[in-house]
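When we follow full-length UniProt numbering, the leftmost residue of the sequence shown carries the number 1, and every step to the right adds one.
To keep things clear, I will list the structure first and then write my remarks on it.
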Amino acid sequence: MTQVRRGYLYGLGAYTLWGFFPLYIRLLKPAGPIEILAHRVVWSVVFVALVLAVARNWGFLRGLRRRPAALAGVVLAATLIAVNWGTYIYGVNSERVVETALGYFINPLVVVLLGVTVLGERLRVAQWVALGIGGVAVAVLAFDYGRLPYLALTLALSFGGYSLVKKRLGLPAAEGMFVESAVLALPALGYLGWLTWRSDSTFGQVSAGHTALLVLAGAATAIPLLLFAGAANRLPLTGLGMLQYLAPILQLGFGVLVFHEPMPPARLAGFALVWLALVVFTVDGIRQVRRSRSALLAATAEPAAATAAP
C-alpha cells in the first residue's frame, strides 16, 4: 500500500469518527456538558500518556520547559479547544446538531479570514468571493433562526483559532494533545471532585455501560486526532481539504435524519450558500495548487534543459 493511499485511509477514519460523534455524545446523557467535557479531558490525558509510554517519547517535555512562549501557546490552544469541545457537547445535547455541523462547514472560511486579520495574508479574488457568499449565508441563517447562529460561529472561531495556534507551535499530534489536556486536567479533576462531593456526578451512578463510555471518551477524542496527524503527513493539502467536509456532512445527516431536527426552506437556503462558498473556495485551492506545481516543474526543467544544451 502506498503512503498516499494509507493517508487517505487515515483521513477517512478520522473524519468518519468525528462525523459519528453526535451519536456518541448522546449516549453520555444524563451527564451534563461540563461533566462530559471534564471526563473527555481527564481520560484523554490517561490515554495519550499510555501511547507516549509505549513509544517512550517523553523527551519533548524537557525541551518545552525551556520555551516559555511555546508554553503560553499551549495554554491558549488548550483554552480554545476546551471552548470548542464544550460548545460542541452542549450543542449536541441541546438538540442543535444541525447548527454544530454548520460550524464545521464554515470553519475553512474562518481560517482564511484569520489569515487575513491575524497573519496579514493577501487573498485571491475567488477567496474574497467565497468569504462574501459565506457572509450572506450567515445573514440568511440569522434571519431563519431569529438570531445569529452563535453556536456555529463559536465552533468555527474556536477551532480556527486553535488551528492557527497549533500551526505556530508545530508540536506533534500526540505530544501536543498530551500537554494541552494536561493543562486542562487540574480544573477538570477539580470540577469532577466538586460534582462527587455534591452527589451530582453520574460517573458510576447510572450504569456500567455509561461509566465505560465516559472512560472511553479519552480514546474517542485521541484516536481521530492521531489518525488525522497520520493523514496530514501523507496527503497533499487539497486531498486533506476535500476530506474535511465528510464530518459535517455526516453530522448534518444525523441531525436531520436521525434526530429529526427541523430544516425549513430558509435554513436549507443558508446551508446551500455555505456549500456554494465552499465549492468556490475548494476549486480555487485546487487551481492554485496546480499552478504552483506547474511553476515548480517549469523551474526545475529550465536548469536541466540548460545543462543538456551543447
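A virtual CB, placed ideally from N, CA and C, is assigned to each residue, including glycine.
If you follow the alpha helix (DSSP H) that residue i is in, where does it begin and where does it stop?
| i | result |
| --- | --- |
| Asp200 | First-last for Asp200: undefined, no H or E at that position. |
| Pro33 | 33-55 |
| Ser210 | For the record, residue 210 in the displayed sequence is His; it is not Ser. Here the alpha helix (DSSP H) through His210 covers 208-232. |
| Phe143 | 125-145 |
| Val74 | 68-93 |
| Tyr24 | 21-27 |
| Gln251 | 246-253 |
| Glu121 | Premise fails: Glu121 is in no alpha helix (DSSP H) and is neither H nor E. |
| Thr117 | 97-117 |
| Phe159 | 150-169 |
Residues in the same chain with beta-carbon distance under 8 angstroms from residue i, minus the five sequence neighbours each way, listed in chain order, please.
| i | result |
| --- | --- |
| Val92 | Phe21, Pro22, Ile25, Arg26, Thr100 |
| Ser201 | Glu35, Leu192, Leu195 |
| Ala77 | Tyr162, Val165, Lys166, Leu169, Gly176, Glu180 |
| Glu148 | According to the sequence provided, residue 148 is Leu. The question's Glu does not apply to it. Answer for Leu148: Val138, Ala142, listed in chain order. |
Within its chain, find whatever has a CB closer than 7 angstroms to the CB of residue i; leave out the 5 residues flanking it on each side and keep chain order.
| i | result |
| --- | --- |
| Phe254 | Pro22, Leu23, Val97 |
| Ile89 | Ile25, Pro33, Ile36, Leu37 |
| Ala126 | Val280, Asp284 |
| Trp85 | Leu37, Arg40 |
| Val4 | Arg234, Leu235 |
| Glu95 | Phe259, Glu261 |
| Val140 | Ala266, Ala269, Gly270, Leu273 |
| Ala70 | Leu64, Leu169 |
| Arg6 | Arg234 |
| Phe47 | Gly218, Ala219, Ala222 |
| Val75 | Val183 |
Whole angstroms are fine: how far does the CA of residue j sit from the CA of residue i?
| i | j | result |
| --- | --- | --- |
| Thr79 | Met263 | 32 angstroms |
| Ala304 | Arg291 | Caution applies to Ala304, whose pLDDT of 48 falls short of 50 and renders its modelled position unreliable; the model cannot decide the point. |
| residue 311 | Leu114 | Nothing about residue 311 can be reported from this structure: the residues present for the chain run from 1 to 310 only. |
| Gly120 | Val112 | 11 angstroms |
| Trp128 | Gly19 | 29 angstroms |
| Tyr8 | Trp197 | 46 angstroms |
| Ala182 | Ala31 | 22 angstroms |
| Arg124 | Phe203 | 51 angstroms |
| Ile81 | Ser158 | 7 angstroms |
| Ala208 | Val136 | 48 angstroms |
| Arg122 | Val116 | 6 angstroms |
| Leu17 | Val118 | 31 angstroms |
| Phe271 | Gly160 | 19 angstroms |
| Ile286 | His210 | 44 angstroms |
| Leu186 | Tyr150 | 28 angstroms |
| Arg66 | Gly73 | 13 angstroms |
| Ala53 | Val83 | 28 angstroms |
| Ile249 | Thr282 | 16 angstroms |
| Thr2 | Ser294 | 24 angstroms |
Identify, in the order they occur along the chain, each residue of the same chain with its Cβ nearer than 6 angstroms to the Cβ of residue i, setting aside the five sequence neighbours on each side.
| i | result |
| --- | --- |
| Ala156 | Gly103, Ile106, Asn107, Val110 |
| Ile133 | Leu273, Leu276, Ala277 |
| Ile223 | none |
| Ser44 | Ser181, Gly218, Thr221, Ala222 |
| Arg288 | The residue you asked about is not Arg; residue 288 is Gln in the sequence shown. Correct list: empty, nothing qualifies. |
With burial defined as no fewer than 16 other Cβ atoms inside 10 Å of the residue's Cβ, what is the status of residue i: buried or exposed?
| i | result |
| --- | --- |
| Lys166 | buried |
| Ser199 | exposed |
| Phe143 | exposed |
| Leu257 | exposed |
| Gln205 | exposed |
| Ala217 | buried |
| residue 325 | As shown, the chain starts at 1 and ends at 310. That puts residue 325 outside it, with no answer to give. |
| Gly146 | exposed |
| Gly265 | Inspection of the sequence shows that residue 265 is occupied by Pro rather than by Gly. Looking at its Cβ environment, which holds fewer than 16 other Cβ atoms inside 10 Å, Pro265 is exposed. |
| Pro68 | exposed |
| Thr87 | buried |
| Leu184 | buried |
Could you check how far apart the C-beta atoms of residue i and residue j are, in whole angstroms? I think they sit under 8 angstroms.
| i | j | result |
| --- | --- | --- |
| Ala49 | Phe178 | 6 angstroms |
| Ala231 | Gly11 | 3 angstroms |
| Val51 | Ala212 | At roughly 20 angstroms, the Cβ-Cβ gap does not stay under 8 angstroms, so Val51 and Ala212 are not in contact. |
| Gly13 | Leu153 | 28 angstroms between Cβ atoms; not a contact. |
| Ala247 | Val42 | The Cβ separation is near 24 angstroms, so there is no contact. |
| Tyr15 | Gln251 | That belief does not hold up - the Cβ atoms of Tyr15 and Gln251 are roughly 10 angstroms apart, past 8 angstroms. |
| Leu214 | Leu28 | 6 angstroms |
Examine the ligand NAP and report whether any of its heavy atoms sits within less than 8 angstroms of the Cβ of residue i.
| i | result |
| --- | --- |
| Val74 | Ligands in the displayed structure: none, and consequently the ligand NAP is not present. |
Counting only C-beta atoms, is residue i closer than 9 angstroms to chain D at any point?
| i | result |
| --- | --- |
| Thr2 | No chain D appears in this structure, which consists of one protein chain only. |
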